[in-house]
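Trainee:
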Amino acid sequence: MSTDDVRLCIETAGPRSIAAKEITNAYTGDVLPAEALHLPEKVTAAPGTSNLPAANLCLGREDELARLRSILTNQHEGAITQSGAVHGLGGVGKSTLALHYAHRHRGDYALIWWIKAASPDEIETSLASLTQTLVPGWSDIAGRGAQVAWAMQWLTWHPGWLLVYDNVENPGDLTPYTGALHQGHHLATSRRTTGWPDRARTLTLGNLDPDDATTLLCQLVFKENSPTPRRRGEAQSLAAELGYLPLAIKQAGAYLAQNRGISLDAYRRRLGTKLAKTAHGGDTERTIARIWNVTFQTLERADPLAVEVLHTAAWLAPDDIPHSLLTPPGIDPDDIAEAAGTLAAYSMITGTGTTLSVHRLVQTVLRTPQILDDTQPARHLQGRDRAEQAVVHSLTPSPGQDTPTEDQWDTLTPHLLALAATRPPGHHNAPLTSAYQTAGQRLHQQGHTVRGIPLYEAIVAQHDQVLGEEHPRTLTSRNNLAYAYEAAGDLKRAIPLYEATLALREKLLDKDHPDTLGTRNNLAYAYAAAGRSEACHPPCTRPPSPSTSRS
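Here it is, written out as structure tokens:
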């Protein structure tokens, strides 16, 4: 087991010397960098360049679209948020509104780029993909850091673009971009109603207008056919029953479109019978759960594998879930593709052919068995087991391969983070914990230590349970978690954890042991950051990093 790293003084001398704690690229002037052959200011985007997803059916919201246009043309930044979502859940159509705005105004922008923004890492990945689109030859040999830097330079030089940051979890993650890029428009969607900079005006998005909700439901159910007055009246009643929530209307409409023999009124009555059984959760969760309780009964009869796939996907990251990750050994990939098609037809997922995405609200409800009227209450945990097995299996090296490739880790890290963040209490999986440790180390090396906090928390929980609180690996994992809290600015959690770890290391090791000195050093820096009077002046040493020791 390696000891925790400690802070290191770095010095240098000489006309072309370089000194740094860590550095991605450095040029001394002897060799022309490759990107100089593709200067950002010299590269132009083809008209209509974008990576926008296809726009789904969207009715109404004309006032919101007009207001959003006004916000962006006057202020250059805007955020679509929502109010009143219980437990911070979604479903009101924030991403749909932003997507329709982007499609409607494609002709007004030189370039539109859709950025997945749930984490800093996702933002960087999306910006790197912009470079890959504009200079594919050079980007094939450049690292991600260089690709992000090139994209930033391009956006600095060229005017008239729109960046859409979808599903922002922390408004502060956008500061490096909105604060530095002023040649275009920034648009964010988020469940957060606070934390936005003063210069960014927000648009609070509620549920649909009753008439718009009714019209949308009719179009989903009856397609191009005009409903009779009686059927439109039934649609009005059903839309009201669903609280005019766009996600609920979309999924109810998809169910009715797939089951033509069921009238809107009969479907509404079936929802009513589920109301008493769906007592847990907030209004939004219970509305969605009532829809699924009806949908699941149909899917169980028509395609049980589709239900298994959905319960597995509930524990993974919501976006870019490869079909291969959902295909256990011995299962025909074509069967998984068919199951995904069934789920897409019922609007339970969206798919691209080789990957699928699940709405975050869908995942939350599926992971909460108290909300669903499920005849198999353990099914959500069976889905968890399948998800864990799938990720561990996908990280198993191929024949002739010693370790998983970097691409494998990049693909699976979001799913490891999702599993770590939703771990059931007392859950034990040693191979998965080992994967958490490697993923956390990679994130730290990439400068994303804070993003790895769910991984470090899961590692500590596993080590506490299996090894005990005094085991050396447990102490190392606690030190790493405290460092991640400190990196996030969460000193209220970092300092007590450092203190407890230091006390145990002094008791079990020695006051002068390298591990003890490392934790004491880290604690001193945390005290200093908190302005604590007992803070000492720590030696000039290297920042601690998550240990490379295995669980």
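Be aware that the sequence shown starts at 0, since it is given in numbering that gives the first Met the number 0, and climbs by one per residue. Note that beta-carbon positions come from the ideal geometry of N, C-alpha and C, so glycine has one too. Computed from a predicted model, the values in this text were never measured in an experiment.
1. Sort L360, G340, V364 and L173 by Cα distance to T354 and report the nearest one.
2. Would you mind giving the Cβ-Cβ distance between L305 and L342, rounded to the nearest angstrom? I have them listed as a contact below 8 Å.
3. Going by beta-carbon coordinates alone, are H427 and Q461 separated by less than 9 Å?
4. Bridge partners of K115, per DSSP?
5. From what residue to what residue does the beta strand (DSSP E) around T354 run?
6. I need the DSSP call for S69, collapsed to helix, strand or coil.
7. Starting from the C-beta of Y435, find all residues in its chain whose C-beta is less than 7 Å away, skip the five residues before and the five after it, and write them out in chain order.
8. Classify Y26: buried if its beta carbon has 16 or more other beta carbons within 10 angstroms, exposed otherwise.
9. Thinking C-alpha only, which one of Q182, A187, G159 and H181 is nearest D172?
10. Where do the ends of the alpha helix (DSSP H) carrying A187 lie?
11. Any chance the stretch 91-101 sits against the stretch 36-45, with 3 or more Cβ pairs inside 8 Å?
12. I believe T518 touches N478 by the beta-carbon criterion, under 8 Å. Please report the beta-carbon distance rounded to the nearest angstrom.
13. Tell me the rounded alpha-carbon separation between Y266 and P228.
14. Once the 5 residues before and after R450 are set aside, which same chain residues still bring their CB inside 8 Å of it?
15. Please state whether the Cβ-Cβ distance between L474 and L503 is less than 9 Å.
16. From the DSSP secondary-structure annotation, give me the bridge partner or partners of I458.
17. By the DSSP assignment, the alpha helix (DSSP H) with E613 in it spans what residues?
18. Nearest-angstrom Cα distance between L365 and E505?
19. What's the gap between the Cα of E233 and the Cα of M347?
20. Mind checking whether P226 and T155 have CB atoms under 9 Å apart?
21. Under the assumption that N50 contacts W137 (Cβ atoms under 8 Å), give the Cβ distance between them as a whole number of angstroms.
22. When you compare each of D409, L508, Q440 and G488 to P471 by their alpha carbons, which one comes out closest?
23. Between which two residues does the alpha helix (DSSP H) containing T213 stretch?
24. Going by CA-CA distance only, name the one from A313, V220 and P495 that's closest to R259.
25. How many Å lie between R231 and I261 at the Cα?
26. Would L255 pass as a contact of L244 if the rule is Cβ separation under 9 Å?
27. For a quick check, are the C-beta atoms of W149 and H322 less than 9 Å apart?
28. Going by Cα to Cα distance, which pick from T192, E337 and Q235 is closest to E168?
29. Under a three-way DSSP split, which group does I320 fall into?
30. Between R66 and L202, how many whole angstroms is the CB-CB distance? I'm expecting something under 8 Å.
31. Do W551 and T130 have their C-beta atoms closer together than 9 Å?
Mentor: Concretely, from the data shown:
1. G340
2. Per the sequence presented here, residue 305 reads as Ala, with Leu not at that position. Between L342 and A305 the Cβ distance is about 5 Å, and since that is below 8 Å, they are a contact.
3. yes
4. D165
5. T354 to S356
6. helix
7. L415, A419, L454, A457 and I458
8. For Y26, the predicted model reports a pLDDT of 40, less than 50, meaning its position is unreliable; a value from the coordinates is still stated below. Exposed: under 16 other Cβ atoms inside 10 Å.
9. A187
10. No alpha helix (DSSP H) holds A187; the beta strand (DSSP E) holding it covers H184 to S189.
11. no
12. 5 Å
13. 18 Å
14. S118, P119, D120, L416 and L442
15. yes
16. For I458, which the question treats as bridged, DSSP gives no partner whatsoever.
17. This structure does not reach residue 613, given that the chain is present from 0 up to 550, and the question cannot be answered.
18. 45 Å
19. 23 Å
20. no
21. That belief does not hold up - the Cβ atoms of N50 and W137 are roughly 19 Å apart, past 8 Å.
22. L508
23. P209 to F221
24. V220
25. 15 Å
26. no
27. no
28. T192
29. strand
30. 6 Å
31. Because the chain spans 0 through 550 in this model, residue 551 falls outside it and cannot be assessed.
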